[in-house]
Amino acid sequence: MQEALLVLNKYWTEHGCLVVQPMNTEVGAGTLNPATFLRVQGPEPWRVAYVEPSVRPDDSRYGENPNRLQTHTQYQVILKPEPGNAQELFLGSLQALGIDTAAHDIRFVEDNWASPALGAWGLGWEVWLDGLEITQFTYFQQAGGITLDPVSVEITYGMERILMALQGVNHFKDLQYAPGVTYGEAFGQAEYEMSRYYLDEADLETQRSLFEAYAGEARRMLDARLPVPAYSFVLKCSHAFNVLDARGAISTTERARSFARMRGLAHEVAELWVARREELGFPLGRVSGADSAPAAAPAAVAEAPERTADAEPAEPAGAEQDTDAAAAPAEPGPATLVVEIGVEEMPPAEVTRTAQAVRAALTEKLGATRLGHGEIRVDASPRRVVATVLGVEPRESDYEQTVRGPRVSAAFDAEGNPTKAAVGFARSNGAEPADLGRVTVGANEHVALTRQVVGRPAEEVLSALLTEVVTGLRSEKNMRWNAPRLSFTRPIRWIMALLGERVVPFTVSSLTSGRTTQVHRDAVPPTAEVPTADGYLPFLKEHGILADAAERRGLVVDGAARLAEAVGGHIQTEQYGALIDEITNLVESPTPILGNFDPKYLTLPSDILVTVMRKHQRYLPVVDAGGSMLPHFVAVANGTCDHDVVRHGNEAVLRARYEDASFFWKADLETPLSEMRQKTHLLTFEERLGSMADRADRISAIALRLAKIVGLSGTDHDVLERAAALTKFDLGSQMVTELSSLAGIMAREYAVRAGESEAVAQALYENELPRSAGDALPQTLPGALLALADRLDLLVGLFAIGAEPTGSSDAFGLRRSALGVVNILLSRSDLAAVRLGQALAVAAEHQAVPVERRHLEDAAQFVLRRFEQQLIELGHSTTDVRAVLVRGDSPRLAARTLEELEGLQGDARFATVLAAFQRVRRIVPAGLEAVYDPAQLHEPAEQALHAALVKCRHVLEGETSLVRFAAETGELVDAVNVFFDNVLVMSEDPAVRANRLGLLAGVRDLAEGIVDWESLV
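Take 1 as the starting number for the sequence shown in the numbering used here and just add one per residue.
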């Protein structure tokens, strides 16, 4: 350990970093050290490296867990401004530590970091070494609630994990800390005793008193304009809070209040720090402009001769590119365009999304030019987006342009001489008045100029167009880096653009297009010159990169299936399709590797084993023919590597994960369900809506109210009452706290083991269903009622506080909840008595905040719009779907009506019914009541219509079937048609007219609510 720390000190010192000392009070991460939190503020450049013992009470495990420690060793590096090649610098440091980066699988995996207590956030990655997270790599965007300019990059090494991988040990205690001294021998006692303190012994009142005292002192130092001591007390506040949190002593209200208080103090500290540095004249100088280009990189890495770690990202010099473009002969005919946008590892979801966005942008922008071209194809992998356009013409087509000027009457005087208007128009277009022609526009004749416009060369068109494509890139979460005018999911580092063999020259921010691409970072060299746009995807493949996502996916699926078959198992590729998609977009060259784990872990519920594999490690589970777990898994590495080394590393990671899961499992089994339920009082749901316990109470009350509506009784009612009393209890378990996707699953497991009936356990599990689109729905009525109540509470509560989804943002999953409500109601005939509006109103009665009518109306419309979208996506006609949504208060009835409506398509009789009722609706004023006097109906057609209406009312009373309605209204429809043929509705006599309209309003109302007749045009 100490040798590794010395190596990192040497490495980063040689790369321009100051080495400073750890903070002299407890901090949860190196980020909190003033050398990071304060120094990333303001315009001063700053490069620093230091060791930070990071204290996290909640990670206390009494020294038993191989990877979790309450005090672990971080090594922190800050580079401000970010230099443009921080990833390469970091990989060079791993080589300096003795890690063979070519043999290992090193991956940058999406991680969006945030610290609510400090108002800080950034985007970046976890860095994995053979599946083990060893480093946090973040581009800071805010700290103390202040947007940072310039942006800093933070590299935080987890030293124990790195050393465990290097030394090949499976437990931190076995690490060689120094020659002849193990980590456990040196620090095992402290780890155990501090765990005892944090989890069992810390005095709660003392910690609360300390929190208040530290916050008060921080406030006093701020008032004294002393940001450094003020910040030290903010850190002490944070640690006192963490101790209380580890003891489970932080309530919902206290958590929100404490975070807000610490965040406010941190914001004031940050502002005051920058103000004080400005008063001192910014002693370290200023970064040359917030939007400056990346700083020149330091000298090459001596420790890693095979890697040019400090080289700037591969970008040919602009002068060379211009010479190349000018010297090459003009293309004689159509050529292939290839554009590659090189990016630091994108999040998996953004790989697909960006490919779609670039294709759409190219299609739109090329379509707005006159440049002929063929097929547009866009491929993407984590580090690149590759657009290929076939058959691009050498230049735009020429065209004739007519420019319209003033009217002829204004362009010439009575003698036919050009007026000032005509002369000015001609000169502004580079012509003489004698050149003016005439065009007729509508009824007016104008002077005009017609000229031949020569099409622009392809390079000119493409240069402007591609600049817009790159600068227009956006993602769901965008970040800034040291490149002006660019904002994207991760930094863009190179652009390659070729039209045939010629570079398409353009500049975006500090990047200039060229013919150089970056390949695998471990390749020698890590860059490649691209001779031509033709055959670029095969060119990349020769360098070990598969840009085609479908090809990568195929390799993942086929390789995993082959490995699983070798051990007598298989991969459930359909069930894990989303995981396979994610894996596909995490690698550029998939290399499936079979791993194994100790069969003893198969005693844990399989859902735990699978969730750990899927969520934490992105492994594919191997199962037997019956679907039971086998002690094997498939990991997918990126590119060539030493399979044995990578396999061993991933197996060690999974072992540690399963040890953690075993720790939680055992601890939870020893905890009564009531105690877990009590812990949900400490979990914040939403500050205005209370804790998770408050939410569970609301769900329970709503479910029991719904039970009355459907007439639930007997055993089912008893099951619902017991399940409602326990609902959400598993959120207070250690397992679900760690693996939230196991909510409901663990409720079932723990309930059965605590002696609850299978029926109660199943209802608790079904409370969480469906978890996503296409997921299973509750199979029992008690479970369905709980699940329905859960989603109704979510919808009504969040709409009441104005937290409904906006754009793509849906933090609470309300779209998913709305579809859950619809599909639960669709799936069960025993819930037919439940109406959407009624159910939302029931949920409103139990909210902690006032719920207005508009909130309920908005929530109901939100659910109906999701229902509508689902039906359309299933292939139903938009017109038909909108026609039946008038019955959306009962989704089951609406769906049945849609089926009937589709069955009536092409039916001549129904067409007659439809035409008749539409004709009635067109003539009857909106809002007119169906009031008329039958005694005043004198015409035979009037009387016949009245008689048919009365008969239909009797026959169709309570009827909901569209088919039956169409069949039983035949006589009425005939009467309507005769009425219109023989009766003047709009009689000059107001009384007669009103009576006839009232009669027709009665016909209209008979059909009201069956379908939306007006939409069926």
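Here a beta-carbon is modelled for each residue, glycine too, at the ideal position from N, C-alpha and C.
None of the values given here were measured: they were computed from a predicted structure.
Are residue i and residue j touching if we call contact CB-CB under 8 Å?
i	j	result
residue 474	residue 445	no
residue 661	residue 608	yes
residue 8	residue 75	yes
residue 1015	residue 883	yes
residue 699	residue 671	no
residue 577	residue 635	no
residue 966	residue 904	yes
residue 649	residue 131	yes
residue 37	residue 114	no
residue 639	residue 543	no
residue 781	residue 817	no
residue 421	residue 410	yes
residue 613	residue 621	yes
residue 116	residue 263	yes
residue 505	residue 287	no
residue 246	residue 198	yes
residue 155	residue 137	yes
residue 719	residue 751	no
residue 1022	residue 79	This structure gives no information on residue 1022, because the portion of the chain shown stretches from 1 to 1017.
residue 274	residue 231	no
residue 778	residue 769	yes
Among all the DSSP beta bridges, which residues are the ones paired with residue i?
i	result
residue 596	632
residue 418	412
residue 402	450
residue 123	112 and 139
residue 492	343
residue 132	129
residue 12	Per DSSP, none; premise fails for residue 12.
residue 46	80
residue 514	496
residue 25	BP columns for residue 25 are empty, so no partner.
Does DSSP classify residue i as helix, strand or coil?
i	result
residue 65	coil
residue 273	helix
residue 282	coil
residue 1025	As displayed, the chain neither begins before 1 nor continues past 1017, which places residue 1025 out of reach and without an answer.
residue 317	Confidence at residue 317 is low in this model, with a pLDDT of 34, below 50, so the placement of that residue is unreliable and no value is reported for it.
residue 835	coil
residue 721	helix
residue 359	helix
residue 54	strand
residue 299	With a pLDDT of 32 at residue 299, under the threshold of 50, the modelled position of this residue cannot be trusted, and the question is left open.
residue 262	helix
residue 151	coil
residue 348	helix
residue 982	helix
residue 395	strand
key: Segments assigned alpha helix (DSSP H), at least 4 residues, entirely inside the segment 532 to 573   = With a minimum length of 4 residues, the continuous alpha helix (DSSP H) runs that stay inside the segment 532 to 573 are 536 to 542 and 549 to 566.
request  = Run through the segment 615 to 691 for me and flag every whole beta strand (DSSP E) of 3 or more residues, listed as ranges in chain order.
outcome  = 620 to 623, 629 to 638 and 684 to 686
ask   = Using 8 Å as the Cβ pair cut-off and three pairs as the minimum, do the segment 106 to 122 and the segment 59 to 68 touch?
value = no
ask   = Is there contact here, the segment 910 to 921 with the segment 884 to 894, by at least three beta-carbon pairs under 8 Å?
value = no
task = Output the residue ranges of the alpha helix (DSSP H) runs that lie fully inside the segment 72 to 117 and measure 4 residues or longer, sorted by chain position.
result = 86 to 96
query = Can we say the segment 929 to 937 touches the segment 989 to 998, given the rule of at least three CB pairs closer than 8 Å?
reply = yes
request  = Taking 8 Å as the threshold, find out whether the segment 749 to 768 comes into contact with the segment 810 to 817 through three or more Cβ pairs.
outcome  = no
Inter-stretch contact at 8 Å, needing at least 3 Cβ pairs: the segment 19 to 39 / the segment 234 to 247 = yes
key: Validate contact between the segment 585 to 600 and the segment 548 to 555 using beta carbons, cut 8 Å, 3 pairs   = Yes: at least three Cβ pairs fall under 8 Å.
Whole beta strand (DSSP E) elements within the segment 166 to 239, 3-residue minimum = 176 to 178
query = Quick check: the segment 675 to 688 against the segment 729 to 739, are there 3 or more CB pairs under 8 Å?
reply = Between the segment 675 to 688 and the segment 729 to 739 there are three or more C-beta pairs closer than 8 Å, enough to call the two in contact.
ask   = So, do the segment 375 to 389 and the segment 335 to 348 have three or more beta carbon pairs nearer to each other than 8 Å?
value = yes
request  = At 4 residues or longer, and completely inside the segment 740 to 822: list those alpha helix (DSSP H) runs for me, N to C.
outcome  = 745 to 753, 758 to 766 and 781 to 800
task = Answer yes if the segment 502 to 517 comes into contact with the segment 475 to 492, meaning at least three C-beta pairs across the two stretches below 8 Å, and no otherwise.
result = yes
inquiry  = Within 8 Å, do at least three Cβ pairs link the segment 864 to 880 to the segment 968 to 982?
reply    = Touching, no.
request  = Quick one: which unbroken alpha helix (DSSP H) runs of 4-plus residues sit fully inside the segment 826 to 906? Chain order, please.
outcome  = If we require 4 residues or more, the alpha helix (DSSP H) runs fully inside the segment 826 to 906 come out as 836 to 844, 853 to 873, 878 to 884 and 891 to 903.
ask   = Is the number of C-beta pairs between the segment 694 to 708 and the segment 769 to 789 that are closer than 8 Å three or more?
value = yes
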